[in-house]
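To start, the structure itself, in structure tokens.
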Amino acid sequence: MTDLAALESETLAAVAAASDEAALENVRVAALGKKGSISALLATLGKMSPDERKSAGAAINALKDRATAAIGERRALLKDAALTARLAAESVDVTLPVRDAPFETGRIHPISQVMDELTAIFADMGFSIAEGPDVESDDYNFTKLNFPSGHPAREMHDTFFFNPGPNGERKLLRTHTSPVQVRTVLSKTPPIRVICPGRTYRCDSDQTHTPMFHQVEGLVIDKTAHLGHLKWILEEFCKAFFEVPSVKMRFRPSFFPFTEPSMEVDIQCRRSGGEIRFGEGDDWLEILGCGMVHANVLRNCGVDPDEYQGFAWGMGIDRIAMLKYGMPDLRPFFEADVRWLSHYGFRPLDLPSLAGGLSG
Ligand code: DAH
Numbered sequence: 001m002t003d004l005a006a007l008e009s010e011t012l013a014a015v016a017a018a019s020d021e022a023a024l025e026n027v028r029v030a031a032l033g034k035k036g037s038i039s040a041l042l043a044t045l046g047k048m049s050p051d052e053r054k055s056a057g058a059a060i061n062a063l064k065d066r067a068t069a070a071i072g073e074r075r076a077l078l079k080d081a082a083l084t085a086r087l088a089a090e091s092v093d094v095t096l097p098v099r100d101a102p103f104e105t106g107r108i109h110p111i112s113q114v115m116d117e118l119t120a121i122f123a124d125m126g127f128s129i130a131e132g133p134d135v136e137s138d139d140y141n142f143t144k145l146n147f148p149s150g151h152p153a154r155e156m157h158d159t160f161f162f163n164p165g166p167n168g169e170r171k172l173l174r175t176h177t178s179p180v181q182v183r184t185v186l187s188k189t190p191p192i193r194v195i196c197p198g199r200t201y202r203c204d205s206d207q208t209h210t211p212m213f214h215q216v217e218g219l220v221i222d223k224t225a226h227l228g229h230l231k232w233i234l235e236e237f238c239k240a241f242f243e244v245p246s247v248k249m250r251f252r253p254s255f256f257p258f259t260e261p262s263m264e265v266d267i268q269c270r271r272s273g274g275e276i277r278f279g280e281g282d283d284w285l286e287i288l289g290c291g292m293v294h295a296n297v298l299r300n301c302g303v304d305p306d307e308y309q310g311f312a313w314g315m316g317i318d319r320i321a322m323l324k325y326g327m328p329d330l331r332p333f334f335e336a337d338v339r340w341l342s343h344y345g346f347r348p349l350d351l352p353s354l355a356g357g358l359s360g
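What follows is the structure in structure tokens.
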């Protein structure tokens, strides 16, 4: 017959050594489970004589009771220890600041922000928004804008062309937003006052050029529009956009096939220590091209240049965004790096408005 004392001390030692509830359960099964060592002893009672059973039964049952009690005590202890450990591991420091909700951590890209800002400014002046497709015809991107075929100005645009279609026509990615002028004049009757923000494409890439960039075109057509109006609009825009009380602008003669006369516009600034400030200083910075819409462009779009006249401008959105928000390199704009975006991006609920302050 098994030595009950040895079995008891072996079982109690195993109970004491069990370091967690799973280990303790294994000990319980090994002793008291269906095939456990103590259960096996109980099963031998049936084959004993009544006298033997009397003494052995009492001893085995007493062993079973002590083992059960020891296991119960150990389980309560381990449960307690596990709970204490879990509470320590999952403790919450209620003095920590609340983490931002997802809609608070998301950021508006500076380009989207600047588009909203300039839209707010021009909308306030009575302009509406026009849009056109990124994939354009050669006719709208060049020919109707008075770029004769073979003219060197076409080469300067570093155009991305598509393969010719079934009819031999070669579509292209628009190299500027000026084709939206063509679309607008063809589809509306003057007076016209629109801005056309959007993506543009040229095969060019360095610190200040990317193959895809953004422009905003402006167009005014009526019977009396003149350069004085253009100058006032651009000046008011720059003051509102750069949020300065005054800004000096310089109009330099230039050439664009679709305007006559044509000008490039610089704004006064001061560069110091890698920073640019507007409305002061002796430096000049080019921000846009403009001019009076060429009579050929009006004619190409079905408008009589003897009755109507107008002016237009084209401005680089990325450029003015870099200037206003002090971003020295254009390439990260398009790298989708959330660290850059969380630094330079804008809070989504701070919508730019002239009344509320443009950049919050
Ligand atoms: N489309 C020109 C460019 O991308 C910019 C431009 C200049 C647009 C003069 C105009 C304009 O509307 O009048 O270089």
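Quick note, the sequence shown lines up with residues 1 to 360 if you use the working numbering. Using N, Cα and C, we set each Cβ at its ideal position, and we do this for glycine too.
Query                                                                                                                                                                                 : Result
Per DSSP, Q309 forms a beta bridge with which residues?                                                                                                                               : D222
Kindly indicate which residue of L96, E117, C196 has the alpha-carbon position closest to the one of E131.                                                                            : C196
Please work out which residues of its chain come closer than 7 Å, Cβ to Cβ, to L219, disregarding the five sequence neighbours upstream and downstream, and give them in chain order. : Q181, T184, I192, V194, G310, A312
For the ligand DAH, is there any heavy atom lying closer than 6 Å to the beta carbon of E217?                                                                                         : yes
If you draw a straight line from the alpha carbon of V293 to that of F251, how long is it in whole angstroms?                                                                         : 16 Å
Could I get the ranges of all uninterrupted beta strand (DSSP E) runs contained in the segment 194-243, with 3 residues as the minimum, in chain order?                               : 212-222
Just to confirm, is the Cβ distance from I287 to I267 under 7 Å?                                                                                                                      : yes
Could you check if S246 belongs to the surroundings of the ligand DAH, using beta carbon to heavy atom distance under 6 Å?                                                            : no
Based on the DSSP secondary-structure assignment, which residues constitute the bridge partners of G172?                                                                              : Reading off the sequence shown, one finds Leu at residue 172, where the question assumed Gly. Answer by DSSP bridge pairing, in chain order: E136, F161.
For R361 and D283, I'd like the C-alpha separation in whole angstroms.                                                                                                                : Here the chain comprises residues numbered 1 to 360, so residue 361 is not present and cannot be evaluated.
Find out if the Cβ-Cβ distance for the pair G314, E217 is shorter than 7 Å.                                                                                                           : yes
Heavy atom of the ligand DAH less than 6 Å from the Cβ of C203, yes or no?                                                                                                            : no
Which residues in the same chain have their Cβ closer than 8 Å to the Cβ of D138, if we skip the five residues on either side of it in sequence?                                      : E169, R170, K171, L172
What are the boundary residues of the beta strand (DSSP E) that D318 is part of?                                                                                                      : Premise fails: D318 lies in the alpha helix (DSSP H), 317-325, not in any beta strand (DSSP E).
Of all the options R28, P97, A89, K324, which has the alpha carbon lying nearest to the alpha carbon of G73?                                                                          : It is worth fixing the name first, because residue 73 is Glu in this sequence and not Gly. When only C-alpha atoms are compared, the closest one is R28.
To the nearest whole angstrom, what separates the beta carbons of M212 and E235, a pair I think is in contact under 8 Å?                                                              : Between E235 and M212 the Cβ distance is about 30 Å, and since that is not below 8 Å, they are no contact.
Using a Cβ distance threshold of 8 Å, determine whether the segment 37-45 contacts the segment 3-14, with at least three qualifying pairs required.                                   : yes
F156 bridges to which residues according to DSSP?                                                                                                                                     : First, the residue type needs correcting, since residue 156 is Met and not Phe in the sequence shown. Per DSSP, none; premise fails for M156.
Relative to the C-alpha of E264, which candidate in S272, F255, R271, R270 has its C-alpha closest?                                                                                   : F255
Just to check my reading of the structure: R331 and Q207 have Cβ atoms closer than 8 Å, yes? What is that Cβ distance to the nearest angstrom?                                        : 7 Å
Under 6 Å from any heavy atom of the ligand DAH, does the C-beta of T259 make it?                                                                                                     : yes
Please state whether the Cβ-Cβ distance between V244 and G279 is less than 7 Å.                                                                                                       : yes
State yes or no: is the C-beta of A321 within less than 7 Å of the C-beta of V94?                                                                                                     : no
Check whether the Cβ of F346 sits closer than 6 Å to any heavy atom of the ligand DAH, and report yes or no.                                                                          : no
Since S257 contacts F161 with CB under 8 Å, what's their CB separation in whole angstroms?                                                                                            : What sits at residue 257 in the sequence shown is Pro, not Ser. No, P257 and F161 are not in contact; Cβ-Cβ is about 19 Å, not under 8 Å.
Tell me whether the beta-carbon of H157 lies closer than 7 Å to the beta-carbon of T175.                                                                                              : yes
Let me confirm a value: G198 is counted as buried when at least 16 other C-beta atoms fall within 10 Å, else exposed. Which label applies?                                            : buried
DSSP three-state label for M1, please.                                                                                                                                                : At M1, the pLDDT of 49 sits below 50, so the modelled position is not reliable and the matter cannot be decided from this model.
V182 CB to nearest chain D CB: under 7 Å?                                                                                                                                             : Among the protein chains of the structure shown there is no chain D, as only one such chain exists.
For R86, name the three-state secondary structure that DSSP assigns.                                                                                                                  : helix
Judging by CA-CA distance, which residue of T200, E104, L285 is the nearest neighbour of G345?                                                                                        : E104
Compute the distance between the beta-carbons of S262 and G291, then report whether it is under 7 Å.                                                                                  : yes
Between which two residues does the beta strand (DSSP E) containing F255 stretch?                                                                                                     : 249-256
Are the CB atoms of L45 and R366 within a distance shorter than 7 Å?                                                                                                                  : The structure shown does not extend to residue 366, since the chain is modelled only from 1 through 360, so no value can be given for it.
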